[in-house]
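Notes follow the structure.
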């Protein structure tokens, strides 16, 4: 049952904006969870919320506008500035591919939609990008953490904790 809860936490953390699957996958593997279900659940959690951002873009933009006006803020944040640079130089594909690593997948989807991307194209590019990032992160995590655990004779911090 504890392992099941750990996998649910992987899904929920990946679904949380700004806590990306790029961080969740290595964390799950380091905990001693199997890399395949961790990757699938991290991907699913991240994709579900990114697609929700894309589908609910109009409501999110209205909420952000009200929030900014209430705080009295004008201008772009650093993240928005970076997203704009990527958008101007590489367009939707560049933002979708670079976004999850540099500014976060949720913000990349939000910015891409704000800069004029269509829902369908944004969804396709983001799902493709997240698939690639998940696979790269999973392979790197599996190799790196497996190498580390072979040298330390450990199975993961969660497994070690549960065996006490």
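Residue numbers (full-length UniProt numbering): 1 to 164.
By construction, the Cβ of each residue, glycine as well, lies at the ideal position given by its N, Cα and C atoms.
What you are looking at is a predicted structure, and each value in this text was computed from that prediction instead of being measured.
Which runs of the alpha helix (DSSP H) fall wholly inside the stretch 80 to 160 and span at least 4 residues, in chain order?
-> Those alpha helix (DSSP H) runs which fall completely within the stretch 80 to 160 and span 4+ residues are 105 to 114 and 119 to 152.
With a threshold of 16 other CB atoms inside 10 Å of the CB of residue 87, please say whether the residue is buried or exposed.
-> Here residue 87 refers to the residue found at position 87 of the chain shown. Classification for residue 87: buried.
With DSSP as the reference, label residue 37 as helix, strand or coil.
-> The residue given as residue 37 occupies position 37 in the chain shown. Collapsing the DSSP output to three states places residue 37 in a helix.
Span of the alpha helix (DSSP H) holding residue 27?
-> In the chain shown, the residue the question calls residue 27 occupies position 27. For residue 27, the enclosing alpha helix (DSSP H) begins and ends at 21 to 30.
Tell me whether residue 11 sits in a helix, a strand or coil according to DSSP, three-state version.
-> In the chain shown, counting from the first residue as 1, residue 11 sits at position 11. Three-state DSSP puts residue 11 in a helix.
Using alpha carbons as the reference points, say which of 136, 124 and 141 lies closest to residue 48.
-> As a first step, residue 48 must be located in the chain shown, where it is residue number 48. Ranking the options by Cα distance to residue 48, first place goes to 124.
Residues near residue 98 in its chain [Cβ-Cβ closer than 7 Å; skip 5 each side] | Numbered from 1 along the chain shown, position 98 holds the residue referred to as residue 98. Cβ within range, chain order: 86.
State buried or exposed for residue 63, treating a residue as buried only when at least 16 other CB atoms are found within 10 Å of its CB.
-> Mapped onto the chain shown, residue 63 falls at position 63. Residue 63 comes out exposed.
Would you be able to state if there are at least three C-beta pairs under 8 Å between the stretch 25 to 33 and the stretch 2 to 14?
-> These segments touch.
Out of curiosity, what's the CA-to-CA distance linking residue 110 and residue 16?
-> Counting from one through the chain shown, the residue named residue 110 turns up at place 110. Counting from one through the chain shown, the residue named residue 16 turns up at place 16. Taking the straight line from one Cα to the other gives about 15 Å.
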